[in-house]
Each structure stands twice: as C-alpha cells, then as structure tokens.
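In my numbering, the protein residues as written are 59 to 304. Backbone N, C-alpha and C define an ideal beta-carbon position, used for all residues, glycine too. Keep in mind it's a predicted model, so treat the numbers as computed, not measured.
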C-alpha cells in the first residue's frame, strides 16, 4: 500500500517503506520516472529477501505524488527526497540514484550527514545545463526566450516540456563545479550504449568524487540498465557498498 508524506513545502509525496535492518537503502528515480519502475520494484523485492530496510518514492509531479511535472525543478525534487529520507529513515543511508536520481543523491549527500554510501546508475548530474541547455539549437533558444519552454522528443513516451525554471533552477544546484564531501564508498554503473547519458559523464563524476570510488562500464547496456544482468550488477554494487559501510 502506498503511503504519503507532506513535506515542509506542502507537497504530498508518495512512498513505499520496507522495514528491516540498516543501513537503509533509498532508491531515487530519474527524470519523469516513478517508483513503479523496474529497478525500484526489483530492488524492493531484493531488500525484502534480505530483511533490509528500503525506501522508494515519487518526487512531486511524478507518479502518485502531488503537483504537476512541468511546474517542478531539481531543487523541488531534492527537497522532496530530503524530506522523505529525513522523516522516514534512521541511521546510515545508502542512496541508489538512477539517472537524475544520481544528481539528487549527490545533493542529498551534501545535506544529510547520515548518507554514507552511493550507487549511481547512469548518473546524470548537472544534465539540465550540460546536456539540455548546451544542446539547444538557435531556434530552441529563441523559443525558450519567447515562451519560457521548449518541447523535446522522448524515447520513453510523451515529449518532455523543458521550462525556463527547470534550466535556471538547475544552474543553482550544479554539483560538478565545486568540491563535494567524501560520501563513503561509491559505485558507478554505466552502459556503453546509453544514448541519454554519455560515458564521459560517468568519467567526469569518477574524477570529481573523492575516496573509495569505482566505475563499471557495461558494453551494450542502454540507459534503462534494467535487463537481468544489469539488475544483478546493481545488486552486487549495493552489496559491496553495504559491506564497506559496515
């Protein structure tokens, strides 16, 4: 059954919390995805089989949470995740961030001292600036200036409406321009056939983070990173980080 949490900002966030031993594993999904996705549901079942505490959630404007997607931005979604982790978990936390969830994870790791490990799956820090805004055509720049939004095609369903607020708010939450604290053991997973997040992003993040950080490149894996072999790699990465957090 889905539960709901009201954030300090007044947003109603849907979540599923599995009780169990710590450290708590928290799954943070990607841009316009929800907690019903393959990886989130698979990892919840994995956690239950291990007696492990696990949290998955929908950011505002996503899934069953309140709000409209087009009105949201990185800062809002980071606040949603921060509120959920702060209110619903205790003790050390391992964040598992997929795509945009990797960016959200890095923001949370700077705000919540209990975050003591991170697994990034095609992590996409700073993508609104380095991928979206940097890739706008002159016509799209004109559209953004005139209408405050640009519509981009998506391989995952309806086109993405990219708002001026999303881009400007993203600039206020960049994580690859300034040093980040050592957040404990980090494992990064990246597919070589990912058409949404280039492997150079993973390499840049590998160089930017400090401490125990390792990157695994998987030949032929795409952005979904959710076939049986990829899911097994995610499980193994979580196990390795949990062992090193102990």
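My output table needs one value for residue i: the three-state DSSP class, helix, strand or coil.
i: residue 235; result: coil
i: residue 308; result: No information on residue 308 is available, as it lies outside the stretch 59 to 304 that the chain covers here.
i: residue 245; result: strand
i: residue 156; result: strand
i: residue 259; result: helix
i: residue 279; result: coil
i: residue 188; result: helix
i: residue 250; result: coil
Compute the beta-carbon to beta-carbon distance between residue i and residue j, rounded to the nearest angstrom, for a pair I have assumed lies under 8 angstroms.
i: residue 252; j: residue 280; result: 6 angstroms
i: residue 250; j: residue 209; result: Not really, about 29 angstroms apart at Cβ, beyond 8 angstroms.
i: residue 151; j: residue 101; result: With a Cβ gap of about 14 angstroms, residue 151 and residue 101 do not count as contacting.
i: residue 65; j: residue 106; result: Not really, about 26 angstroms apart at Cβ, beyond 8 angstroms.
What's the gap between the Cα of residue i and the Cα of residue j?
i: residue 159; j: residue 283; result: 14 angstroms
i: residue 300; j: residue 294; result: 10 angstroms
i: residue 230; j: residue 198; result: 21 angstroms
i: residue 248; j: residue 267; result: 16 angstroms
i: residue 181; j: residue 245; result: 11 angstroms
i: residue 220; j: residue 237; result: 28 angstroms
i: residue 285; j: residue 142; result: 28 angstroms
i: residue 93; j: residue 116; result: 6 angstroms
List the DSSP bridge partners of residue i.
i: residue 79; result: 110
i: residue 74; result: 114
i: residue 210; result: 218
i: residue 85; result: 114 and 154
Starting from residue i, follow the alpha helix (DSSP H) in both directions and report where the run begins and ends.
i: residue 298; result: 286-303
i: residue 272; result: First-last for residue 272: 271-276, but that is the beta strand (DSSP E), not the alpha helix (DSSP H).
i: residue 225; result: 222-229
i: residue 137; result: 132-146
i: residue 201; result: 196-205
Let's see if you can read the secondary structure: which residues bound the beta strand (DSSP E) around residue i?
i: residue 64; result: 61-64
i: residue 174; result: 173-179
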